[in-house]
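Under this note's numbering, residue 610 is the last one in the sequence shown; the count climbs by one each step, no gaps.
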Amino acid sequence: MPICPVCNGLREVFLICSNCGHSMIESGKVMDYYDDYSPYMEIDLMKLEDGYPDNNSGHKCAHLYRCPICQKDEVIFIKE
Ligand SMILES: [Zn+2]
Ligand SMILES: [Zn+2]
Numbered sequence: 531m532p533i534c535p536v537c538n539g540l541r542e543v544f545l546i547c548s549n550c551g552h553s554m555i556e557s558g559k560v561m562d563y564y565d566d567y568s569p570y571m572e573i574d575l576m577k578l579e580d581g582y583p584d585n586n587s588g589h590k591c592a593h594l595y596r597c598p599i600c601q602k603d604e605v606i607f608i609k610e
């Protein structure tokens, strides 16, 4: 069974707000209250962190990040 490293506390993800440059705060999973047409933004975290392309196209866990300064929302997918 796939495990999301963020949900399980195995990894913290740090995002920088593309609007104001402040670090964004993890605000939880978004699948429960986001609709299909919401503007998701996909970031390949595995690729960014270790330089290896991740060919695993399995489950992804969507997390919401919010900037405390300008209230900008960002949704990223964590590969499980
Ligand atoms: Zn998760
Ligand atoms: Zn911001």
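All residues carry an ideal CB built from backbone N, CA and C; glycine is no exception.
With distances taken Cα to Cα, identify the nearest neighbour of residue i among the options.
i       : options                               : result
Cys-547 : Cys-600, Lys-559, His-593 and Ile-608 : Cys-600
Lys-559 : Leu-545, Lys-602, Pro-598 and Lys-590 : Lys-590
His-552 : Ile-608, Glu-610, Asp-603 and Phe-607 : Asp-603
Tyr-556 : Leu-540, Ile-608 and Arg-596          : Checking the sequence, you will find Glu at residue 556 rather than Tyr. Nearest C-alpha to Glu-556: Arg-596.
Cys-537 : Pro-598, Ala-592 and Val-605          : Ala-592
Would you check whether ligand 1 has a heavy atom nearer than 7 angstroms to the C-beta of residue i?
i       : result
His-593 : yes
Val-543 : no
Val-605 : no
Lys-602 : no
Does at least one heavy atom of ligand 2 sit under 7 angstroms from the Cβ of residue i?
i       : result
Ile-555 : no
Ile-599 : yes
His-648 : Given that the chain is displayed from residue 531 to residue 610, the structure contains no residue 648 and the question cannot be resolved.
Cys-537 : no
If we count the other Cβ atoms within 10 Å of its Cβ and call it buried at 16 or more, is residue i buried or exposed?
i       : result
Cys-534 : buried
Below 8 angstroms on the Cβ atoms is my contact criterion, and I expect residue i with residue j to pass it. Report the Cβ-Cβ distance as a whole number of Å.
i       : j       : result
Met-554 : Leu-540 : With 8 angstroms as the limit, Met-554 and Leu-540 do not qualify as a contact, their Cβ atoms being about 19 angstroms apart.
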